[in-house]
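Presented below is the structure to which this report refers.
Numbering (this note's numbering), first residue to last: -3 to 221.
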């Protein structure tokens, strides 16, 4: 009987201990499994992606930059792996021949336009002469013969044709000037877009020949962002 009572007392003590321990264990486990947050001030920085692979990296979009005109490379402003923006000057072909051609065509335009003005002045005089002849014939047909009237008319028509020729010549001269101005502009090799120079195929002093095919000067990896 005493042993039974003793065991009952022991069991009661153990049960009370377990009852007291369970809440503490639960609280410990809750604290242990609770998410922990760390607070830090927001700052700007680079996001770095690491690629675990081997091979050649190819740009998404690649542009070949060539030259439309021929001549020696006078200036070089871009190197490998250089970042460039749209419109940046990459290289310059020697512009002296193209500058001379532009000056020559400017002079040709000035001459052609002067010829147009001279043709207009001569034509106006011929028209006035024909009008005065008609006025005289209206007053008295005997003042001027039909042959003379025909000469006035033919002279006026001839000068009208000469004016038309002069105007067309001036138009051609202006077209040649636009062509030479464009060629001079093409001596500046500029980047067509934002990106990185991934290849350079020219050196300073190298001569370009663009008669049959535009020579490639640079390869540009275009920024697609």
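The beta carbon of each residue, even a glycine, is placed where N, CA and C say it ideally should be.
Complete alpha helix (DSSP H) runs within the segment 81 to 136 (minimum length 4 residues, chain order): 92 to 135
Return the bridge partner residues of residue 79 from the DSSP annotation. Residue numbering aside, residue 79 sits at position 83 when the chain shown is read from its first letter. According to DSSP, which records beta bridges pairwise, residue 79 is partnered with 192.
How would you label residue 98, buried or exposed, when you count the other beta carbons within 10 angstroms and need 16 or more for buried? Working through the chain shown from its first residue, we reach residue 98 at position 102. Buried.
Where do the ends of the alpha helix (DSSP H) carrying residue 166 lie? Numbered from its first residue, the chain shown carries residue 166 at position 170. Unbroken alpha helix (DSSP H) run through residue 166: 142 to 182.
Whole angstroms are fine: how far does the CA of residue 169 sit from the CA of residue 112? Residue mapping note: residue 112 aligns to position 116 of the chain shown, counting from 1. Residue mapping note: residue 169 aligns to position 173 of the chain shown, counting from 1. Taken atom to atom, the span from the alpha-carbon of residue 112 to that of residue 169 is near 12 Å.
Supposed close pair residue 206, residue 66 - CB separation, criterion 8 Å: Along the chain shown, one-based indexing puts residue 206 at 210. Along the chain shown, one-based indexing puts residue 66 at 70. Correct: roughly 5 Å between the Cβ atoms.
Beta-carbon separation of residue 217 and residue 58 under 8 Å? Indexing the chain shown from 1 puts residue 217 at position 221. Indexing the chain shown from 1 puts residue 58 at position 62. For residue 217 and residue 58, yes; Cβs fall inside 8 Å.
Run the CB neighbour count on residue 120, radius 10 Å, all protein chains shown included, and call it buried at 16 or more, exposed below. As a first step, residue 120 must be located in the chain shown, where it is residue number 124. Result: exposed.
Report the partner residues of residue 185 according to the DSSP bridge assignment. By 1-based counting over the chain shown, the position of residue 185 is 189. DSSP lists 87 as partners of residue 185.
Spatial neighbours of residue 194 in its chain, beta-carbon cut-off 8 Å, leaving aside the 5 residues before and after: Here residue 194 corresponds to residue number 198 of the chain shown, with the count starting at 1. Correct list, in chain order: 55, 58, 76, 77, 215, 216, 217.
Report the partner residues of residue 73 according to the DSSP bridge assignment. Residue 73 sits at position 77 when you count from the first residue of the chain shown. Per DSSP, none; premise fails for residue 73.
At a cut of 8 Å, does the segment 87 to 95 reach the segment 139 to 148 through at least three beta carbon pairs? no
Short check: CB of residue 196 to CB of residue 85, under 8 Å? As a working mapping, residue 196 is identified with position 200 in the chain shown. As a working mapping, residue 85 is identified with position 89 in the chain shown. Result no, Cβ atoms of residue 196 and residue 85 do not sit closer than 8 Å.
If you drop the 5 nearest sequence neighbours on each side, which residues of the same chain put their C-beta closer than 8 Å to that of residue 212? In the chain shown, the residue the question calls residue 212 occupies position 216. The beta carbon of residue 212 is closer than 8 Å to those of 60, 61, 62, 197 in its chain, skipping five residues each way along the sequence.
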